[in-house]
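Here's the structure we're looking at; comments come further down.
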Amino acid sequence: MQPISRRRALQLGGLGLTSIAVGTVGLTWRTLSGNTPAARQELAEPSTLTSTEGLLTVRLEAAEGPVRIADRQATALSYNASLPGPTLRLRPGDRLRVQLVNRLDTVTNLHVHGLHVSPERNGDNPFVTVEPGSTFDYDYRLPPDHPPGMFWYHPHHHGMVADQIFGGLYGAIIVDEPESEFGSIPITRERVLVISDISLNAAGNIQPPSAMARLRGREGDLVLINGQSAPTLEAKPGERERWRILNACTARYLRVRLDGQRLRLLGIDTGRLAEPRDVEEILLLPGNRADLLVTAVQETSPLLALPYARGQVMGMGGMGNEPQADSTSESSTLATLHVTGDKATPLPSVTTRTRQLDLRGKPVAARRELTLAMGMGMGGGMSFAIDGKEFAPDRVDQTVQAGTIEHWTITNTSPMDHPIHLHVWPMQVIEAGGKPIEQPTWRDVVNVPARSNVTVRILFDDFTGRSVYHCHILDHEDLGMMGVIDVRK
Ligand SMILES: [Cu+2]
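In our numbering, the protein residues as written are 1 to 489.
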């Protein structure tokens, strides 16, 4: 039997079926997963695989099967039977070889999100198809000047992406600072925090989203951190931690707060800010990562994800059984940080400075205007398009000259925000809503707010080949909001 969704339950409640609805809703994975403080677990990290002598060779087996989620046995998708998959730790100049084994009953492939590597052949090629029961050998070569940061891997086969990531297929990649800079940030410890969301029914199986949830971009009713539900972290007063936070959610925007402690942002997505910046809140779009210094100050702080209003799917009255609700996520407690014990010996202060590349004022080879739109499609369904076209793998939408800088203005005519992601080449955001940004930021996922626009500059420095740009609300990408870029010599 299909368990009744909470919204559906509310509707049934309105029809006088409250007792039935409540009875069913009581039996979800979330309520079974013990939310009492005694049941809370310490945060555990995914296993880490580190390169040696410039090489990391990994076998990733994608399969459906038993896996621990929120401290119980569920049935989901995972790499190597763990959710998240192993963390891959690299240095600039390294070679990463991944043997992807597809034990799923659907096609898949692998994308290394944010890595600046070749998109051709068995590199970061989103056009590869790995059939069920077969394997594919990926070979990624990081340039010696690859920026440090947190990146991640996940499937990217068009039409399958949202289901496979929501189901549990993701893992972190960390590119450390080059040897010469290692140790430049004194810390007590480092933590990898992979945030994801999922919906499971009472039996612990994945709950597929409704048609309307796909249009909005599905948000799971469980928000996980390293596959756990609201775990605890401990630190001594004065300790300084480096947190690498990934938003691996399929569509959920995360407004992350940790009130009471001191937060300094080292970078978002790729590379580092010119210098650490004090922050109170970080907005992480789906796919974004934060490199954050946390200095323990106060006794206890919840790590919160506050609601973010992504807008509405308009003109969809009569579609599906659900009311026309907007896409504002609920507030959730991701974890709790307990600061206890004796005061730690103070660490040397952070003096790190980095020179950031600035593409403003540089010669631009081409200016492009891209338009993200939602509308009624041919068959009466909703269409998600870029420049009026849905994704077609054999059509090239943007041809770019390698070795040049381009200036892209991306306009969103729809009533929902869309986070735009370009593979391989990071974007420097220079304008938002037509106004220049004082301190331009480097991102590989950029928010294009509802009925607004952003302007970015992109350095197509070295790699050639075909790749993609798309909305990182992965249901929208699967529904067609993706284009093909071809960078040629
Ligand atoms: Cu979108």
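Each residue gets a CB set at the ideal place from its N, CA and C atoms; glycine is no exception.
As a quick exercise: from the options, pick the residue whose alpha carbon is nearest that of residue i.
i, options, result
"Leu-215", "Asp-475, Leu-266 and Val-487", "Asp-475"
"Ala-74", "Gln-228, Glu-390 and Thr-328", "Gln-228"
"Leu-357", "Asp-461, Ala-309 and Thr-87", "Asp-461"
"Val-456", "Thr-352, Pro-307, Pro-237 and Trp-408", "Trp-408"
"His-116", "Gly-483, Leu-479, Ser-327 and Thr-464", "Thr-464"
"Pro-363", "Asn-447, Val-192 and Ile-405", "Ile-405"
"Phe-127", "His-156, Met-150 and Gly-114", "His-156"
"Ala-162", "Val-487, Leu-479 and Val-484", "Leu-479"
"Leu-359", "Met-481, Leu-459 and Ala-211", "Leu-459"
"Glu-281", "Arg-272, Gly-267, Arg-255 and Asn-288", "Arg-255"
"Trp-425", "Glu-61, Asp-486 and Thr-336", "Asp-486"
"Glu-492", "Thr-336, Met-160 and Gly-341", "For residue 492 there is no data in the structure shown, the boundaries of the chain being 1 and 489."
"Ala-450", "His-418, Ile-430 and Thr-441", "His-418"
"Lys-236", "Thr-345, Leu-263, Ile-185 and Val-313", "Thr-345"
"Leu-77", "Ile-165, Tyr-140 and Gly-133", "Ile-165"
"Ile-410", "Thr-52, Thr-351 and Ile-430", "Ile-430"
"Thr-300", "Leu-233, Arg-68 and Leu-96", "Leu-233"
DSSP beta-bridge partners for residue i?
i, result
"Phe-127", "Note: Phe-127 sits in no beta bridge, so no partner."
"Trp-152", "His-113 and Ala-172"
"Glu-431", "Pro-436 and Thr-455"
"Val-101", "Glu-61 and Thr-135"
"Cys-471", "Ile-420"
"Ser-383", "Gly-375"
"Arg-72", "Ile-69"
"Gln-398", "Ile-485"
"His-338", "Glu-234 and Thr-300"
"Ser-229", "None, per the DSSP bridge assignment."
"Ser-82", "Tyr-79"
"Thr-250", "In DSSP, Thr-250 forms no bridge with anything."
"Lys-389", "Ile-386"
"Trp-408", "Arg-368 and Val-456"
Measure the C-alpha to C-alpha separation of residue i and residue j and round it to an integer number of angstroms.
i, j, result
"Gln-261", "Thr-295", "6 angstroms"
"Ser-329", "Ser-349", "37 angstroms"
"Ile-195", "Gly-93", "28 angstroms"
"Thr-106", "Glu-131", "7 angstroms"
"Gln-99", "Phe-136", "6 angstroms"
"Asn-247", "Phe-384", "23 angstroms"
"Glu-109", "Glu-477", "Looking at the sequence itself, residue 109 is Asn, so the reference to Glu does not match. About 15 angstroms."
"Ala-305", "Lys-489", "44 angstroms"
"Asn-447", "Arg-252", "13 angstroms"
"Ser-331", "His-338", "20 angstroms"
"Asp-197", "Phe-151", "18 angstroms"
"His-56", "Thr-48", "Correcting the residue identity first, residue 56 is Leu in this sequence and not His. Their backbone Cα atoms lie some 11 angstroms apart in a straight line."
"Glu-390", "Met-481", "6 angstroms"
"Leu-12", "Cys-249", "Only weak support exists for where Leu-12 lies, its pLDDT of 34 falling under 50; the coordinates are left without a value."
"Ser-467", "Ile-420", "14 angstroms"
"Ile-187", "Leu-293", "8 angstroms"
"Ala-392", "Gln-439", "36 angstroms"
"Cys-471", "Lys-435", "22 angstroms"
"Arg-240", "Gln-428", "29 angstroms"
"Gly-483", "Arg-353", "36 angstroms"
"Leu-347", "Gly-238", "8 angstroms"
"Tyr-469", "Leu-169", "20 angstroms"
"Arg-550", "Gly-433", "No statement about residue 550 is possible, as the shown extent of the chain runs from 1 to 489 and does not include it."
"Ser-134", "Asn-102", "6 angstroms"
"Gly-54", "Gly-217", "39 angstroms"
"Gly-267", "Val-445", "13 angstroms"
"Arg-72", "Glu-45", "16 angstroms"
"Gly-149", "Gly-159", "29 angstroms"
"His-67", "Asn-80", "It is worth fixing the name first, because residue 67 is Val in this sequence and not His. C-alpha separation (whole angstroms): 10 angstroms."
When you measure from the CB of residue i to every non-hydrogen atom of ligand 1, does any distance come out below 7 angstroms?
i, result
"His-156", "no"
"Met-160", "no"
"Cys-471", "yes"
"His-476", "yes"
"His-421", "no"
"Met-481", "yes"
"His-116", "no"
"His-113", "no"
"His-418", "yes"
Tell me whether the region 201-212 and the region 266-279 touch, counting them as touching only if at least three CB pairs, one residue from each stretch, are closer than 8 angstroms.
Contact fails between the region 201-212 and the region 266-279, because fewer than three Cβ pairs, one in each stretch, are under 8 angstroms apart.
Does the region 182-192 come within contact of the region 231-245, defined as at least 3 CB pairs closer than 8 angstroms?
Yes: the two stretches touch, three or more of their Cβ pairs being nearer than 8 angstroms.
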